[in-house]
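A.B. asks: All letters in the sequence shown, in the order written, are residues -17 to 291 by the working numbering.
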Amino acid sequence: MQHTPQLFHSFGYYLKQQFGRKIRKLSLHGDFSCPNRDGTLGRGGCTFCNVASFVDETARAAPISQQLQLREQELKRKADAYLAYFQAYTSTYGEQVQLQKLYDQALAAKDIVGLCVGTRPDCVPDGVLRMLAEYQAQGQEIWLELGLQTANDQTLKRINRGHDFAAYQDAVTRAKHYGLKVCTHLIVGLPGEDQQDALQTLDKVLTVGVDGLKLHPLHIVEGSVMAKAWRADRLATISLESYAETAAKMIQATPAQVVFHRVSAHARPPTLLAPDWCADRWLGPQAIEAILAAEGGQGSATAAPFRAA
Ligand code: SF4
């Protein structure tokens, strides 16, 4: 399905404007760990997390060149070039020289035009930011993707993130100092949060300054801490209607220049436990786009609405 560019500033649209051709993300596994899992900060991880629900864990042992080859074959007909996407776990969590080796390998591959690096706000030392800024200065398309999920410190504690909003503010401020583009990941429907909380989070994130956003509904995956609470009937999930309504309001409140890398999410079966609608990758985006089409697209609740070129 194609996103309708007139409704929101999608990542696909942004890349087409930048490169004049179709660019897609290519997910790679850098064999990273996470301080919230290896005992540095904690062992259980964030309560919603099971990395296997969104990445192919079997790729972990494969060298980058091999992963690139495999994935490129899969996607060959879908794009002209790719951004290497280090998505699994905390993709800046390692010795800098090791990180550089990995990123260099990815960037050296044919048809790779940049990097998207997913990480935690408390795992981006200045040396790593400087290195990413150097790639950018060499003409690579670089995005630092920061998992925040919510700006509410109480919720961050409840979901065992192991960092607070101040850590996020600090990471973004430093990333901006190095001229990096930041995409922030947010979850709608976290325990104890409603639409007002989601809009407050958005407001705080926009106030700090952000270049991209990734929205997704809370979904319960097998192997996560939340799976136990959900099975014990102690955790409710968000309906498609509530999610679409909240996500649409967030998009309408976001200025035109901010790029939406994603407005919903799905999980791979059989890992997904709930809600069922998250098994279909298009239901969320379609419901959101229907609201935006009826009520107004990105930025319609601000002074600077999005207009496609
Ligand atoms: S969501 Fe990220 S930071 Fe949290 S446990 Fe999973 S990999 Fe670690």
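Just so you know, even glycine gets a beta-carbon here, dropped at the ideal spot from N, CA and C.
T219 and G171: beta carbons closer than 8 Å?
C.D. replies: Numbered from 1 along the sequence shown, position 237 holds the residue referred to as residue 219. Numbered from 1 along the sequence shown, position 189 holds the residue referred to as residue 171. Closer than 8 Å, so yes.
A.B. asks: Using the three-state DSSP reduction, which class does K92 fall into: helix, strand or coil?
C.D. replies: In the sequence shown, counting from the first residue as 1, residue 92 sits at position 110. In the structure shown, K92 sits in coil (DSSP, three-state: anything other than H, G, I, E or B).
A.B. asks: Considering only the alpha carbon of each residue, which of E271, M113 and T253 lies closest to H(-9)?
C.D. replies: Mapped onto the sequence shown, residue -9 falls at position 9. Nearest of E271, M113 and T253 to H(-9), Cα basis: E271.
A.B. asks: What beta strand (DSSP E) runs, 3 residues minimum, are completely inside the stretch 120 to 182?
C.D. replies: Entirely contained in the stretch 120 to 182, the beta strand (DSSP E) runs reaching 3 residues are, in chain order, 123 to 131 and 163 to 170.
A.B. asks: In chain order, what residues of the same chain have a beta carbon less than 7 Å from the beta carbon of L265, not counting five sequence neighbours either side?
C.D. replies: Residue 265 sits at position 283 when you count from the first residue of the sequence shown. Here the set comprises L222 and W259.
A.B. asks: Taking the straight line between their C-alpha atoms, what separation do you get for H145 and L138?
C.D. replies: Taking the sequence shown and counting its residues from 1, one reaches residue 145 at position 163. Taking the sequence shown and counting its residues from 1, one reaches residue 138 at position 156. Distance between the alpha carbons of H145 and L138 is about 7 Å.
A.B. asks: Only counting the same chain, and skipping five residues up and downstream in sequence, which positions put a Cβ closer than 8 Å to that of R112?
C.D. replies: Along the sequence shown, read from residue 1 onward, the residue named residue 112 stands at position 130. Within the same chain, R112 has close Cβ partners Y160.
A.B. asks: Quick check: what's the CA-CA separation for A148 versus Q82?
C.D. replies: Here residue 148 is taken as the residue at index 166 of the sequence shown, counted from 1. Here residue 82 is taken as the residue at index 100 of the sequence shown, counted from 1. Taking the straight line joining both Cα atoms gives about 27 Å.
A.B. asks: Which residue wins for smallest C-alpha separation from L184, given the options R143, F242 and P251?
C.D. replies: Here the question's residue 184 lines up with position 202 in the sequence shown. If we check each option's Cα against that of L184, F242 comes out closest.
A.B. asks: If you draw a straight line from the C-alpha of L274 to the C-alpha of A290, how long is it?
C.D. replies: Your numbering for residue 274 matches position 292 in the sequence shown. Your numbering for residue 290 matches position 308 in the sequence shown. Straight-line Cα distance between these residues: approximately 14 Å.
A.B. asks: For my contact list, Q122 and G96 are in at a C-beta cut-off of 8 Å; report their separation, rounded to the angstrom.
C.D. replies: Stepping through the sequence shown from its first residue, residue 122 is reached at position 140. Stepping through the sequence shown from its first residue, residue 96 is reached at position 114. Sure, about 4 Å apart at Cβ, within 8 Å.
A.B. asks: Among S206, A247 and Q49, which residue has its Cα nearest to the Cα of A88?
C.D. replies: Reading the sequence shown from its first residue, position 106 is the one you call residue 88. Of S206, A247 and Q49, the residue nearest in Cα terms is Q49.
A.B. asks: Does the beta-carbon of C98, which I'm using as the reference point, lie nearer than 7 Å to any heavy atom of the ligand SF4?
C.D. replies: Along the sequence shown, one-based indexing puts residue 98 at 116. False, no ligand heavy atom lies under 7 Å from that Cβ.
A.B. asks: Where does the unbroken beta strand (DSSP E) through S224 begin, and where does it stop?
C.D. replies: For the purposes of this step, residue 224 is taken as residue 242 along the sequence shown, with counting starting at 1. Here S224 belongs to no beta strand (DSSP E); instead the alpha helix (DSSP H) covers L222 to Q234.
A.B. asks: May I ask you to list the residues that DSSP assigns as paired with P257?
C.D. replies: If you number the sequence shown from 1, residue 257 lands on position 275. Note: P257 sits in no beta bridge, so no partner.
A.B. asks: Residues bridged to F(-10) by DSSP?
C.D. replies: Start at 1 with the first residue of the sequence shown, and residue -10 comes out as number 8. According to DSSP, which records beta bridges pairwise, F(-10) is partnered with nothing at all.
A.B. asks: State yes or no: is the beta carbon of L172 nearer than 8 Å to at least one beta carbon in chain D?
C.D. replies: Judged by its chain identifiers, the structure shown contains no chain D, having just a single protein chain.
A.B. asks: Between T22 and S15, what straight-line distance do the alpha-carbon atoms span, to the nearest angstrom?
C.D. replies: Numbered from its first residue, the sequence shown carries residue 22 at position 40. Numbered from its first residue, the sequence shown carries residue 15 at position 33. The alpha-carbon atoms of T22 and S15 are separated by roughly 11 Å.
A.B. asks: Can you give me the start and stop residues for the beta strand (DSSP E) that V241 sits inside?
C.D. replies: Locating residue 241 in the sequence shown gives position 259, where the first residue counts as 1. Looking at the DSSP string, the run of the beta strand (DSSP E) that includes V241 is V241 to R244.
A.B. asks: Do L162 and L114 have their C-beta atoms within less than 8 Å of each other?
C.D. replies: By 1-based counting over the sequence shown, the position of residue 162 is 180. By 1-based counting over the sequence shown, the position of residue 114 is 132. The answer is yes: Cβ separation under 8 Å.
A.B. asks: For the ligand SF4, any of its heavy atoms closer than 7 Å to the Cβ of R25?
C.D. replies: To locate residue 25, count along the sequence shown from 1; it is residue 43. No.
A.B. asks: Please work out which residues of its chain come closer than 6 Å, Cβ to Cβ, to A63, disregarding the five sequence neighbours upstream and downstream, and give them in chain order.
C.D. replies: Numbered from 1 along the sequence shown, position 81 holds the residue referred to as residue 63. The residues are I5, D93 and V95.
A.B. asks: Evaluate Q79 with the Cβ neighbour count: other Cβ atoms within 10 Å of its Cβ, from every protein chain shown; 16 or more gives buried, anything less gives exposed.
C.D. replies: The residue given as residue 79 occupies position 97 in the sequence shown. First, the amino acid is wrong: residue 79 is Val here, not Gln. Counting Cβ neighbours within 10 Å, V79 comes out exposed, since fewer than 16 surround it.
A.B. asks: Can you tell me where the beta strand (DSSP E) with P199 in it begins and where it stops?
C.D. replies: Against the sequence shown, residue 199 aligns to sequence position 217. Looking at the DSSP string, the run of the beta strand (DSSP E) that includes P199 is G194 to P199.
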